[in-house]
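Enquirer: Sequential numbering from 5 applies to the sequence shown in this note's numbering.
Glycine included, each C-beta is placed from N, C-alpha and C at the ideal position.
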Amino acid sequence: MFSPEEKRQMTEADIRSKFITPAIKNAGWSDRQISEEYSFKVNKTFTDGQMVLDPKTKKASRQDAKRADYLLYHSANRKIAIVEAKDNKHSSRDGLQQAIDYALLLDIPFAYSSNGDEFVEHDFITGKQRQLPMTQFPTPHELAERWRQQYTAEELKIIQQPYYTSASDHFKEPRYYQEIAINRTIEAVAKGQNRILLVMATGTGKTYTAFQIIHRLKASGTKRKVLFLADRNVLVDQPMTQDFKPFKDKMVKVSNKKLDSSFEVYLALYQQLDGETDNQLFKQFQPSFFDLIIIDECHRGSAKEDSNWRAILDYFSEATHIGMTATPKETADASNISYFGDPIYTYSLKQGIEDGFLAPYRVIRVDLDCDLKGWRPIKGLQDKNGNPVEDRLYTVKDFDYNIVLDDRTRLVAERITEFLHKTNRLDKTIVFCANINHAQRMVAELSRLNADMLAKNPKYIRQITGDQTAKNEDLEAFCDVKNEDKAYPVIAVTSKLMTTGVDSKTCKLVVLDANIQSMTEFKQIIGRGTRLRTDAGKEFFTILDFRGVTRLFADPAFDGEPVVIIDIDPDNPISDSENDQPIHNPKEPQTVKENEGEYKPVIVLEAGSLKLRILDEKVQYLNEQGELVSEDIDLFSQREIQKDFSSYEQFQQSWLSSGEIFSKFYTDEKWLNSLRKKNQFGRQFDDYDVIRKVGYGKVPITKQERIEKAKNSGYFAQYSEENRQVLGLLLDEYVKSGVKDLSKPELLKNSQFEPLGGLIAIVKKFGGKALYQKAVQGLEKMIYSD
Numbered sequence: 005m006f007s008p009e010e011k012r013q014m015t016e017a018d019i020r021s022k023f024i025t026p027a028i029k030n031a032g033w034s035d036r037q038i039s040e041e042y043s044f045k046v047n048k049t050f051t052d053g054q055m056v057l058d059p060k061t062k063k064a065s066r067q068d069a070k071r072a073d074y075l076l077y078h079s080a081n082r083k084i085a086i087v088e089a090k091d092n093k094h095s096s097r098d099g100l101q102q103a104i105d106y107a108l109l110l111d112i113p114f115a116y117s118s119n120g121d122e123f124v125e126h127d128f129i130t131g132k133q134r135q136l137p138m139t140q141f142p143t144p145h146e147l148a149e150r151w152r153q154q155y156t157a158e159e160l161k162i163i164q165q166p167y168y169t170s171a172s173d174h175f176k177e178p179r180y181y182q183e184i185a186i187n188r189t190i191e192a193v194a195k196g197q198n199r200i201l202l203v204m205a206t207g208t209g210k211t212y213t214a215f216q217i218i219h220r221l222k223a224s225g226t227k228r229k230v231l232f233l234a235d236r237n238v239l240v241d242q243p244m245t246q247d248f249k250p251f252k253d254k255m256v257k258v259s260n261k262k263l264d265s266s267f268e269v270y271l272a273l274y275q276q277l278d279g280e281t282d283n284q285l286f287k288q289f290q291p292s293f294f295d296l297i298i299i300d301e302c303h304r305g306s307a308k309e310d311s312n313w314r315a316i317l318d319y320f321s322e323a324t325h326i327g328m329t330a331t332p333k334e335t336a337d338a339s340n341i342s343y344f345g346d347p348i349y350t351y352s353l354k355q356g357i358e359d360g361f362l363a364p365y366r367v368i369r370v371d372l373d374c375d376l377k378g379w380r381p382i383k384g385l386q387d388k389n390g391n392p393v394e395d396r397l398y399t400v401k402d403f404d405y406n407i408v409l410d411d412r413t414r415l416v417a418e419r420i421t422e423f424l425h426k427t428n429r430l431d432k433t434i435v436f437c438a439n440i441n442h443a444q445r446m447v448a449e450l451s452r453l454n455a456d457m458l459a460k461n462p463k464y465i466r467q468i469t470g471d472q473t474a475k476n477e478d479l480e481a482f483c484d485v486k487n488e489d490k491a492y493p494v495i496a497v498t499s500k501l502m503t504t505g506v507d508s509k510t511c512k513l514v515v516l517d518a519n520i521q522s523m524t525e526f527k528q529i530i531g532r533g534t535r536l537r538t539d540a541g542k543e544f545f546t547i548l549d550f551r552g553v554t555r556l557f558a559d560p561a562f563d564g565e566p567v568v569i570i571d572i573d574p575d576n577p578i579s580d581s582e583n584d585q586p587i588h589n590p591k592e593p594q595t596v597k598e599n600e601g602e603y604k605p606v607i608v609l610e611a612g613s614l615k616l617r618i619l620d621e622k623v624q625y626l627n628e629q630g631e632l633v634s635e636d637i638d639l640f641s642q643r644e645i646q647k648d649f650s651s652y653e654q655f656q657q658s659w660l661s662s663g664e665i666f667s668k669f670y671t672d673e674k675w676l677n678s679l680r681k682k683n684q685f686g687r688q689f690d691d692y693d694v695i696r697k698v699g700y701g702k703v704p705i706t707k708q709e710r711i712e713k714a715k716n717s718g719y720f721a722q723y724s725e726e727n728r729q730v731l732g733l734l735l736d737e738y739v740k741s742g743v744k745d746l747s748k749p750e751l752l753k754n755s756q757f758e759p760l761g762g763l764i765a766i767v768k769k770f771g772g773k774a775l776y777q778k779a780v781q782g783l784e785k786m787i788y789s790d
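#1: Whose C-alpha, out of K707, E9, T206, is nearest the C-alpha of K354?
#2: Using the DSSP secondary-structure output, state which residues sit across from C437 in a beta bridge.
#3: In terms of alpha-carbon separation, which member of D373, G378, R396 lies closest to G384?
#4: Have a look at F50 and Y180 and give me their C-alpha separation to the nearest angstrom.
#5: Does DSSP classify Q472 as helix, strand or coil?
#6: Given a cut-off of 8 Å on the beta-carbon distance, is the pair T473 and R445 in contact?
#7: Let's test the definition: count the other Cβ atoms within 10 Å of the Cβ of I382 and tell me whether it reaches 16, buried, or not, exposed.
#8: Using alpha carbons as the reference points, say which of M55, P59, T324 lies closest to N198.
#9: To test your reading of the DSSP string, which unbroken alpha helix (DSSP H) runs of 4 or more residues are found completely within the region 253-286?
#10: How long is the line joining the alpha carbons of D638 and L632, rounded to whole angstroms?
#11: So S658 is in the alpha helix (DSSP H); what residue range does that whole segment cover?
#12: Between which two residues does the beta strand (DSSP E) carrying I695 extend?
#13: So P749 packs on Y776, CB below 8 Å; how close in whole Å?
#14: With distances taken from CA atoms, which of G131, M55, I299 is nearest F545?
#15: How would you write the range of the alpha helix (DSSP H) that T510 sits in, first residue to last?
#16: Looking at the secondary structure, which residues open and close the alpha helix (DSSP H) in which E125 lies?
#17: For P166, collect the residues of the same chain with a Cβ closer than 8 Å to its Cβ; drop the 5 residues on either side in sequence, then sort them by chain order.
#18: How would you label M5, buried or exposed, when you count the other beta carbons within 10 angstroms and need 16 or more for buried?
#19: When we look at the beta-carbon of L108 and count the other beta-carbons within 10 Å, is it buried (16 or more) or exposed?
#20: Rounded to a whole number of angstroms, what is the C-alpha to C-alpha distance between I129 and G327?
#21: Roughly how many angstroms separate the alpha carbons of G552 and V416, rounded to a whole number?
#22: Going by beta carbon distance, what residues of the same chain come within less than 7 Å of D693, once the five residues before and after it are set aside?
#23: Could you check what DSSP says for F423 in three-state terms: helix, strand or coil?
#24: Tell me the rounded alpha-carbon separation between K707 and K512.
#25: Just checking S508 against the ligand HEM - is the residue's beta carbon closer than 7 Å to any of the ligand's heavy atoms?
#26: Restricting to Cα atoms, I'd like to know which of L536, S265, V623 is closest to K229.
#27: Excluding five sequence neighbours on each side, which residues of the same chain lie with their C-beta closer than 8 Å to the C-beta of P291?
#28: Could you tell me the boundaries of the beta strand (DSSP E) in which S65 lies?
#29: Using the Cβ count rule (16 or more neighbours within 10 Å means buried), how would you classify P844?
#30: Within a Cβ cutoff of 6 Å, which residues of the same chain sit near V608, ignoring the five residues on either side of it in sequence?
#31: Take R150 and list the residues in its own chain whose beta-carbon comes closer than 7 Å to its own, dropping the five residues that flank it on each side.
#32: Once you ignore the five residues that flank Y652 on each side, which residues in its own chain have a CB closer than 8 Å to its CB?
#33: How is the beta strand (DSSP E) around T324 delimited, first residue to last?
#34: Helix, strand or coil: how does DSSP classify E592 here?
#35: By the 10 Å Cβ neighbour count, where 16 or more other Cβ atoms means buried, how is E422 classified, buried or exposed?
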């Protein structure tokens, strides 16, 4: 026995080992470290710990995983209780809020907190709380019975079926969110729900979740014949060789015109089953043939009422329909929620990243001058075909859709290549283009810039679009992470084909060079990079954005709940009621499908006809709070300055001898002002000192200090008194406006130079324009001498 004072001096670990663990064991719970019936696990983690990217080192590190002090199981399928421990300096209730929060996250019906004196229980089934002596912690049978009271005997027969496990197949236990998705689906089916929607972010294992749902429902005898529907070969082929592999010879991919009814699990493309009206293969089976239909990537149109795909679902209407997607589609003419109902579970991209199951990302926004300012042709300009180019302002919405600027494609390809040179030229990359025509041109430019890599392997760059005969082979090789013979292609250039359902686990660079306004499409594209593969060296991925598409990250809808679209029939208006909700209509723009054929813009301007350049780049990172924050502007600026001038001496020489540097730095006042604000530089410092400090770490010198140094340098001694006055006035002007104005003779027209004779007289006194400019250039060298 311990005195109250001795107990108060104990650590939390002591309280657990001496009081809480014995109390749980004495109630009949086993502490075996396996998921057996009536067991518990101590200090159990249920996330991997968020990966956080360090913007300075460009490396990611794991944060602490979320863990529960105790997780109690009443079967391998079901966590039934969670216990949070506190030391005895805290009250018994101090851990209850944490226990409740974790219980909500894990879908656990009972939460407990204890400080070693007593337990406090929160029952989610009844909503009640109570205090319990340490000797009266509930037994496994008691908690199990309280949980079972929610269900009938028939429902429990379905719900309590175990997961599929096999050491030979290397099947791991489900992650916590997969477990919730599976359990809620099984419970919904057991209770007779026939339309079910699961929303799970790309890369979180929807197909594995589907497999476990099918296995448990088949094992219970509730569902015998299952149809797994998708709209792309890769979405059918991957499950057959991976997650669905345990079904073995009971599974078949529909590929023949004659359907065989002897199998139990059918995987099929919508297009295969639903041809013309007189050739609808699915009608070879009776409407009651399938008990369960799972629709993968159901946002892609299967819930649209006038869709041919919908005909399959309507024909097998007696079956349970489960829709699975990362991005529920909610438009005026296609609504997943209207068809399936509200999602029974949602696991978002944000949650996946915070839990450490998905890769964080950084964003590099690249702004081209023609995109920011628009582009207008000069008078009489002709395209490649000799046709006059319409005189109007073309914007980023036009480029590669209505007009092709080959120079723009070249510039984008150069930036992609430059990025890979600085990171790793073998990093898997997906480039999303506007259309097939754009993809073809992008492949040509990337091939020109990466000829050395193509010489090593001709499949280094591949166009993976709907019109390519080898698209499936290339796609499989791009996604393969196990077979070293399939390390190529490295760069996949696509349009729509790879936006969804592509298991590109090691993709480290996603390039956006298409106008994307659909939130559904944007989420799917971002999902190509979110898979985390630390064993393959992938801890984060980069989004290189040339179209400003990543502005959608700031949209509340990016990680929010979908909104149902309701069309009001004027002949059957909805009356006012307290249940009416605001109606939103985020109708998404129609996009050109790849299978609609190649799209050829009518205006093409060949390479070399324009002088385009990158005006700005903005780097953003996902921080620990899941917020997209800008990279430190000093880091970005230092990198850009040193990219142009590898040494401080080169920068200084260029500043004094060339006007080119002015066009880069002085035209972007926003950038310079940002540097000034960040480094607390007032106007007493020249732009030169701002740049040299940020770029090379040089101690800044005020303008006043610079002119004093110039006056004391002895430089003035070679000139007459009047000319020294002119140089002195120029130094005063430098303090006010900066050196960029000193080299212009027009400056001598200002009023302060009138007493000395004005522009023409002053230039003559120096011996002409050339000698005057030489004097000013010498003055500038004195100003900037170290």
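Expert: With the given structure in hand:
#1: Taking the first residue of the sequence shown as 1, we reach residue 354 at position 350. Cα-wise, what sits closest to K354 is T206.
#2: Indexing the sequence shown from 1 puts residue 437 at position 433. D517.
#3: As a position in the sequence shown, residue 384 is number 380, starting the count at 1. Nearest C-alpha to G384: R396.
#4: On the sequence shown, position 46 is the one that residue 50 refers to. On the sequence shown, position 176 is the one that residue 180 refers to. Roughly 7 Å between the two C-alpha positions.
#5: If you number the sequence shown from 1, residue 472 lands on position 468. If DSSP states are grouped into helix, strand and coil, Q472 belongs with coil.
#6: Reading the sequence shown from its first residue, position 469 is the one you call residue 473. Reading the sequence shown from its first residue, position 441 is the one you call residue 445. In this structure, R445 does not lie closer than 8 Å to T473 by Cβ.
#7: Here residue 382 corresponds to residue number 378 of the sequence shown, with the count starting at 1. The residue in question, I382, is exposed, as its Cβ has fewer than 16 Cβ neighbours within 10 Å.
#8: The sequence position of residue 198 within the sequence shown is 194, counting from 1. Out of M55, P59, T324, T324 has the C-alpha closest to the C-alpha of N198.
#9: 274-277
#10: Walking along the sequence shown from the start, residue 638 turns up at place 634. Walking along the sequence shown from the start, residue 632 turns up at place 628. Whole-angstrom Cα-Cα distance: 18 Å.
#11: Locating residue 658 in the sequence shown gives position 654, where the first residue counts as 1. It spans 652-661 - the alpha helix (DSSP H) in which S658 sits, taken as one unbroken run.
#12: The residue you call residue 695 lines up with position 691 of the sequence shown. Unbroken run through I695 is the alpha helix (DSSP H), 691-700; no beta strand (DSSP E).
#13: Within the sequence shown, the letter at position 745 stands for residue 749. Within the sequence shown, the letter at position 772 stands for residue 776. P749 to Y776, Cβ: 7 Å. Contact.
#14: The residue given as residue 545 occupies position 541 in the sequence shown. Nearest of G131, M55, I299 to F545, Cα basis: M55.
#15: Taking the first residue of the sequence shown as position 1, residue 510 is located at position 506. Note, T510: premise wrong, no alpha helix (DSSP H); not H, not E.
#16: Position 121 of the sequence shown, counting from 1, holds the residue named residue 125. Per DSSP, E125 belongs to no alpha helix (DSSP H); it is in the beta strand (DSSP E), 122-127.
#17: What you label residue 166 is simply residue 162 of the sequence shown in a count that begins at 1. So the list reads S79, A80, N81, R220, A223, once near-sequence residues are dropped.
#18: Along the sequence shown, read from residue 1 onward, the residue named residue 5 stands at position 1. Per the 10 Å Cβ criterion, exposed.
#19: Locating residue 108 in the sequence shown gives position 104, counting from the first residue. The C-beta of L108 has fewer than 16 other C-beta atoms within 10 Å across all chains shown, which makes the residue exposed.
#20: The residue labelled residue 129 in the question sits at position 125 within the sequence shown. The residue labelled residue 327 in the question sits at position 323 within the sequence shown. Linking I129 to G327 through their CA atoms gives a straight-line distance of about 28 Å.
#21: For the purposes of this step, residue 552 is taken as the residue at position 548 of the sequence shown. For the purposes of this step, residue 416 is taken as the residue at position 412 of the sequence shown. Between G552 and V416, the C-alpha separation is close to 14 Å.
#22: Along the sequence shown, one-based indexing puts residue 693 at 689. Hits under 7 Å: P704, I705.
#23: Sequence index remark: in the sequence shown, residue 423 carries index 419 (1-based). Three-state DSSP puts F423 in a helix.
#24: By one-based count along the sequence shown, residue 707 stands at place 703. By one-based count along the sequence shown, residue 512 stands at place 508. Their backbone Cα atoms lie some 46 Å apart in a straight line.
#25: The ligand HEM is not part of the structure shown, which contains no ligands of any sort.
#26: On the sequence shown, residue 229 is found 225 positions in, with the first residue counted as 1. Of the listed residues, the one whose Cα sits closest to K229 is S265.
#27: One-based indexing of the sequence shown puts residue 291 at position 287. Hits under 8 Å: Y319, F320, S321, E322.
#28: The sequence position of residue 65 within the sequence shown is 61, counting from 1. Counting along the chain, the beta strand (DSSP E) containing S65 begins and ends at 63-66.
#29: The chain is shown from 5 up to 790; residue 844 falls before or after that span and cannot be answered.
#30: The residue given as residue 608 occupies position 604 in the sequence shown. Result list for V608: D387, K388, V408, in chain order.
#31: In the sequence shown, the residue the question calls residue 150 occupies position 146. These residues qualify, in order along the chain: I129.
#32: Position 648 of the sequence shown, counted from the start, is the residue given in the question as residue 652. Closer than 8 Å at Cβ, skipping near neighbours: R696, G699, Y700, K702.
#33: Walking along the sequence shown from the start, residue 324 turns up at place 320. Per DSSP, T324 belongs to the beta strand (DSSP E) from 324-329.
#34: In the sequence shown, residue 592 corresponds to position 588, counting from 1. Confidence at E592 is low in this model, with a pLDDT of 33, below 50, so the placement of that residue is unreliable and no value is reported for it.
#35: By one-based count along the sequence shown, residue 422 stands at place 418. The residue is exposed, with fewer than 16 neighbouring Cβ atoms inside 10 Å.
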